[in-house]
Amino acid sequence: VTAAHVTWPTHILAKWREILDLDQLWDSQPVLCHGDLGPPHLLSLDGHLVGMIDFSDMQFAPASVDFGDLLTAFGKEAMLRVLIAYVALSGSNLETLLAASYGYRELGPMFTAFHGINIGQPDFIEEGLARALEIFEPR
15 VTAAHVTWPT
25 HILAKWREIL
35 DLDQLWDSQP
45 VLCHGDLGPP
55 HLLSLDGHLV
65 GMIDFSDMQF
75 APASVDFGDL
85 LTAFGKEAML
95 RVLIAYVALS
105 GSNLETLLAA
115 SYGYRELGPM
125 FTAFHGINIG
135 QPDFIEEGLA
145 RALEIFEPR
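First residue of the sequence shown? That's 15 in my numbering, and the numbers climb one at a time after it.
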């Protein structure tokens, strides 16, 4: 699979365009984000988070980048617990941050595929397409 050989379903492309056009989701100030916050990079002991590793993707970006990763990896309930604590400390708007987190979760497969295209790795392209189909499969 190469970039030239990927046919993206039109319903996925339409949803991504819709998300990208929602300006209010992308208005937040950039903060320092981990950039790849998932199970391989979180350390726990007795069910409690005790650390994070691998900061190679660290970036200044909207906080919802990391919350979208948490949503994908751990589900809504776990992401909400962290998000509510973040809002209490930062004063951010919960509703806006929640919507943007879902937006980043839905855009994640696009970023994965584009990464694969940029580095010439078909596995990433295939993973991005598969994840997009899981998220947006018409019901």
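The beta-carbon is built from N, C-alpha and C at its ideal position, and this holds for glycine as well.
None of these values were measured; they are calculated from a predicted model.
Residue i vs residue j beta-carbon contact at 7 Å
i: L7; j: L63; result: Past the edges of the chain, shown from 15 to 153, lies residue 7, and the structure says nothing about it.
i: K29; j: F125; result: no
i: G61; j: R119; result: no
i: A77; j: V45; result: yes
i: D71; j: G89; result: no
i: A87; j: P53; result: yes
Beta-carbon proximity list for residue i, same chain, < 7 Å, skipping 5 on both sides
i: I67; result: H55 and L57
i: Q73; result: C47 and G49
i: G65; result: L57
Residue i - DSSP class collapsed to helix/strand/coil
i: S78; result: helix
i: M72; result: coil
i: S106; result: coil
i: H25; result: helix
i: H55; result: helix
i: G65; result: strand
i: L112; result: helix
i: V96; result: helix
i: L36; result: coil
i: V45; result: strand
i: V101; result: helix
Buried or exposed by the 16-neighbour rule on C-beta atoms within 10 Å, applied to residue i
i: G142; result: buried
i: L27; result: exposed
i: I139; result: buried
Same chain, Cβ closer than 8 Å to residue i, five either side skipped, listed in chain order
i: A92; result: L84
i: D137; result: G130
i: L121; result: W30, I33, L34 and G82
Residues near residue i by beta carbon distance below 6 Å, same chain, minus five either side
i: L108; result: V101
i: G117; result: I33 and L39
* Asked: Within the chosen definition, does the stretch 38-56 reach the stretch 98-113 through at least 3 CB pairs nearer than 8 Å?
  -> yes
* Contact the stretch 22-34 vs the stretch 143-150: 3+ CB pairs below 8 Å -> yes
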